[in-house]
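Chemist: One line per chain: the protein sequences are A and B, in this order.
Start counting the first sequence at 759; every next residue gets the next number (this note's numbering).
Start counting the second sequence at 759; every next residue gets the next number (this note's numbering).
Number of protein chains: 2
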Amino acid sequence: MTVKLSEIAKAAGVSVPTASRALTNSSHPMSADTRERILAVAREMGYQPNLIARSLRTDRTNTIGLIVENILSPFIPPILRGIQDVLRAEGYFSTIINSDWDPVIESEAINDLNNRKIDGIIFVESWHRSSKEIRDKTDKPFVFVHRLFHNQLENTIRVDEIYGARLATGHLAGLGHCKIAYINGPKDWDASKKRLQGYRQELAERNIPFYPEFVQHGDWEAGGGYAAGQTLLGLPDRPTAIFAANDLMAAGAMYAIQDAGLRTPQDIAIVGYDDRYFARIVRPAITTVTLPAEEMGQESARLLLHLIQQQKTTEIGVEVRGKLIVRQSCGAVDQKLVFEDEQGSRAWRSKRSREGVFPDSEEETT
Amino acid sequence: MTVKLSEIAKAAGVSVPTASRALTNSSHPMSADTRERILAVAREMGYQPNLIARSLRTDRTNTIGLIVENILSPFIPPILRGIQDVLRAEGYFSTIINSDWDPVIESEAINDLNNRKIDGIIFVESWHRSSKEIRDKTDKPFVFVHRLFHNQLENTIRVDEIYGARLATGHLAGLGHCKIAYINGPKDWDASKKRLQGYRQELAERNIPFYPEFVQHGDWEAGGGYAAGQTLLGLPDRPTAIFAANDLMAAGAMYAIQDAGLRTPQDIAIVGYDDRYFARIVRPAITTVTLPAEEMGQESARLLLHLIQQQKTTEIGVEVRGKLIVRQSCGAVDQKLVFEDEQGSRAWRSKRSREGVFPDSEEETT
DNA sequence: GTGAAAGCGCTAACAT
DNA sequence: ATGTTAGCGCTTTCAC
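1. Please go through the same chain and pick out, in chain order, the residues whose beta-carbon is closer than 7 Å to the beta-carbon of B:S764, but skip the five residues on each side of it.
2. Among B:S865, B:N808, B:T821, B:V1047, which has the Cα closest to the Cα of A:R815?
3. According to the Cβ coordinates, are A:T914 and A:G1075 closer than 8 Å?
4. Would you say A:H974 and A:I941 are within 8 Å of each other, going by their C-beta atoms?
5. Whose Cβ in chain B lies nearer than 9 Å to the Cβ of A:N856?
6. Taking C-beta pairs closer than 8 Å, name the residues in chain B that A:L1020 reaches, listed in chain order.
7. Could you have a look at B:Q1086 and say whether DSSP puts it in helix, strand or coil?
8. Listing by chain order, which chain B residues have their CB less than 7 Å from the CB of A:I829?
9. What's the gap between the Cα of B:I920 and the Cα of B:A926?
10. From the beta carbon of B:A1002, is the nearest beta carbon of chain A less than 8 Å away?
11. Can you check whether the C-beta of A:T1071 is within less than 8 Å of a C-beta belonging to chain B?
12. Counting Cβ pairs closer than 8 Å, one from the segment 1064-1073 of chain A and one from the segment 897-911 of chain A, do we hit at least three?
13. Does the Cβ-Cβ distance between A:I1028 and A:I1039 come in under 8 Å?
14. Identify, in the order they occur along the chain, each residue of the same chain with its Cβ nearer than 6 Å to the Cβ of A:E960, setting aside the five sequence neighbours on each side.
15. To the nearest whole angstrom, what separates the beta carbons of B:A1003 and B:Y1031, a pair I think is in contact under 8 Å?
16. Residues of chain B with CB under 8 Å from A:K875, in chain order?
17. Can you tell me where the alpha helix (DSSP H) holding A:Y940 begins and where it ends?
18. If contacts are defined as beta-carbon pairs under 8 Å, then B:G1010 and B:Y969 qualify, I think. What distance do you get, rounded to the angstrom?
19. Which residues bound the alpha helix (DSSP H) around A:R1164?
20. Among the candidates B:W978, B:R905, B:F972, B:I1000, whose CA atom is the shortest distance from the CA of B:L993?
21. Do you know offhand how far B:S1103's Cα is from A:P832's?
22. Under a three-way DSSP split, which group does B:S784 fall into?
23. Check the Cβ-Cβ distances between B:L1062 and every residue of chain A, and say whether any is below 8 Å.
24. Count Cβ pairs between the segment 778-791 of chain B and the segment 815-831 of chain B that sit closer than 8 Å; are there 3 or more?
25. Listing by chain order, which chain B residues have their CB less than 9 Å from the CB of A:G1010?
26. If A:K875 sits next to A:S813, beta carbons under 8 Å apart, how far is it from one beta carbon to the other, in whole angstroms?
27. Alpha carbons only, please: which of A:E1077, A:E1098, A:V917 is nearest the one belonging to A:I1083?
28. Residues of the segment 1039-1057 of chain A in Cβ contact with chain B at a cutoff of 9 Å, in chain order, please.
29. Is the beta carbon of A:I841 less than 8 Å from the beta carbon of A:I880?
30. So does the segment 902-911 of chain A actually touch the segment 844-857 of chain A, counting three or more Cβ pairs closer than 8 Å?
31. Assign A:E1122 to one of two classes, buried (16 or more other C-beta atoms within 10 Å of its C-beta) or exposed (fewer than that).
32. Grab the span of the alpha helix (DSSP H) containing A:A985 for me, first residue to last.
33. Compare the C-beta of B:F1036 with all C-beta atoms of chain A and state if any pair is closer than 8 Å.
34. Run down chain B in chain order and give the residues with a C-beta less than 8 Å from the C-beta of A:S813.
35. Who are A:N856's beta bridge partners in DSSP?
36. Are the beta-carbon atoms of A:E866 and A:S884 separated by less than 8 Å?
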């Protein structure tokens, strides 16, 4: 079933190296005539190169290792999709390992990838925070995608959290709110600090007074948002709008408002952060700031391929920005019910609509 | 940085093959003495095998190719996680390709994986429906994970849809409902047919009359569920409970009920199917039947490894069953608000709680 | 422009 | 129980 280079060479009446040069588009000079002949023979005989043999010789595998926190986490799949799309276009494969935030597993993963001679590594949320910690574990280029923590600009794709928080806060201010509360994540997270900065910057720029009691801290979960919402509702001068540092806490706060007999957005407007899928399903659907996960993935793959091709080890990274998605929870649009399509099936839809068909469901054969 | 087998052999004073036999736990007889010495030397010198060289020689890569519909689809990540957990425990790696339901991409992917000499393939929702279509594209073993369509039992992991639909229907019947409507998916999908069968079987077994007008068809989306819900509400003798063939349509139906001024579950109870993440976030949280995606992934990996190890090409597959998750939409439990934890972060939680720490957030260094 | 020789690092057969 | 020989399939010198 499998035909090898030597057979192509023999069939074309040339030596093996010549056949190799023709089939790899080598820059080595050769007559257009023999090249064509070799390619024709290879095509006819259905030649497929043994990539393992090639890798052993060239020490390149065209494979990138992806060490991710956990593929079940909400933003990992879109980041992976972004990475894979860029890699595939350049002829690269990827292999994925879940680290589960375990530094031992992560180190083993780096070692395994070394042994398989991958060409580079992308860390998506790593236990490691800086390049120097990785540098002595592998001599391959690597890149970080850090959403929650990061402490370096080199080789790192990160989110402009300040910008995102300003988008959210500014949107509420633009709707006329000047009593805007903020439900933050836990204090010690970089993302929390940055989003708080953005919230305060935007208020300051608009000359809206900052009230410390308007800043509550949640645990990123719906329950924490609910509790924070109750606290805010209990204030003597309660806010007319709430920006929550993620959609889960936004949903929790919204339910606290509803349970207090108030309405969103009429009594208190809500804006979330992340654009989780459920944000469009709950009622009212939550206005939010996207986390541009696919773009982060794409940028990380581009950066890594750049490092590989330039034979560099370090390069300044990229900061990406989310955008505002206006839904019903902020009062900027009318309340009529709009169902948005399932994001996850867009590929399926595009395919089906392109072809106008889907494979028939055959009868059971057994 | 990299030390090779020949250096270990020299340092231990043995030949290269002897060193190889010691380090690969070969069954070839050898003195425990030299084996220990070689292992000690290898450990001391930090020997790491070049897996590419080994693969070229053995024609095994310990890598499985995963061709998935689209990693962004809701059930793909948990299926992948299940696969990866089983593979990792057996020392296997995986490489993932998105087919986007495109038969051309899928065929290219099979070819690419062949060239990389992977040991087997798992198709997660393939354009191909039967083994024979794949058989002439690769000589490696392969397995299907088919959730929506399938037409064979061999090499296929599938869901017992009839069982799941009976769980949902039976739960509503058990709560005293005898006017239970069913919002199905599009008619021509295997999953739709099977779930309808389960619904009817359960009604029949409980001697609950079947009313054709109680069966509506949606498009798997919230909008379709909403429309179907309106239709059911408009019936002269309307149902007191609705089972929807997925959670999105269940949510849509629930909103139709709310918009008609009725309540869930007091006026009309709802059960969904899939256990999508949003089912626990909407209010009331949706009672549903899980799609056991991780288990499907695990079973598919086990089946494939079995085929590889037994050098077989065909084996009967496995049918997995979901289970009922009771929440607020069916009326079986009281209405108090319960926030469930984020599924995706459980690994992170377990880690954090195990260690009691999370890496400190350092100050920005640049 | 083409071919001959060498070798990537490892393991499997066959000696002894 | 150990070593010698061979070779997986390919690409890269280096001759010519």
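C-beta atoms are modelled at their ideal positions from N, C-alpha and C, and glycine is treated no differently.
Remember, predicted model here, so these are calculated numbers, not experimental data.
Modeler: Taking the geometry as given:
1. If the five residues before and after B:S764 are omitted, its C-beta is found closer than 7 Å to the C-beta atoms of V774, all from its own chain and listed in chain order.
2. From the listed residues B:S865, B:N808, B:T821, B:V1047, the smallest Cα separation to A:R815 is found for B:N808.
3. A contact, by the Cβ cut-off of 8 Å.
4. The sequence shown places Gln at residue 974 of chain A, rather than the His named in the question. In this structure, A:Q974 sits near A:I941, with a CB-CB distance shorter than 8 Å.
5. Going along chain B in sequence order, the residues near A:N856 (Cβ under 9 Å) are R839, Q842, D843, R846, A1105.
6. Within 8 Å Cβ-Cβ: nothing; A:L1020 doesn't reach chain B, min ~15 Å.
7. B:Q1086: helix per DSSP, three-state reduction.
8. Simply P835, L838, R839.
9. Here the C-alpha atom of B:I920 lies approximately 10 Å from the C-alpha atom of B:A926.
10. By this cut-off, B:A1002 is not an interface position.
11. No, because no Cβ of chain B sits closer than 8 Å to the Cβ of A:T1071.
12. Touching, yes.
13. Contact flag unset, no.
14. Cβ contact annotation for A:E960 (same chain, cutoff 6 Å, sequence separation greater than five): R924, T927, G928, in chain order.
15. At roughly 6 Å, the Cβ-Cβ gap stays under 8 Å, so B:A1003 and B:Y1031 are in contact.
16. Those are N808, L809, I810, listed as they occur along chain B.
17. Segment 938-942 is the beta strand (DSSP E) holding A:Y940; no alpha helix (DSSP H) there.
18. About 21 Å separates the beta carbons of B:G1010 and B:Y969, which is beyond the 8 Å limit, so they are not a contact pair.
19. Residue coverage of chain A in this structure runs from 759 to 1124, which leaves residue 1164 of chain A outside it and unanswerable.
20. Minimum Cα-Cα distance from B:L993 among the listed residues B:W978, B:R905, B:F972, B:I1000 corresponds to B:F972.
21. Residue placement at B:S1103 cannot be trusted, given a pLDDT of 49 that sits under 50; what the coordinates show is reported in the next sentence. So the two alpha carbons sit approximately 9 Å from each other.
22. DSSP places B:S784 in coil when its eight states are reduced to three.
23. Closer than 8 Å: no.
24. Touching, no.
25. Chain-order list of chain B residues neighbouring A:G1010: F1097, by C-beta distance under 9 Å.
26. At roughly 6 Å, the Cβ-Cβ gap stays under 8 Å, so A:K875 and A:S813 are in contact.
27. Closest option to A:I1083, Cα to Cα, is A:E1098.
28. Taking 9 Å as the Cβ-Cβ cut-off against chain B, the residues of the segment 1039-1057 of chain A that qualify are I1039, V1040, R1041, E1052.
29. Against a cut-off of 8 Å, the Cβ pair of A:I880 and A:I841 comes out as a contact.
30. Judged by Cβ distances under 8 Å, the segment 902-911 of chain A makes no contact with the segment 844-857 of chain A, as fewer than three pairs qualify.
31. Residue confidence is low: A:E1122 scores 35 on pLDDT, short of 50, so the model does not pin down where it sits. No coordinate-derived value is stated.
32. Element bounds for A:A985: 980-991.
33. Look at B:F1036: its C-beta is under 8 Å from a C-beta on chain A.
34. In chain order: I810.
35. DSSP lists A:V826 as partners of A:N856.
36. Note that the C-beta distance between A:E866 and A:S884 is not below 8 Å.
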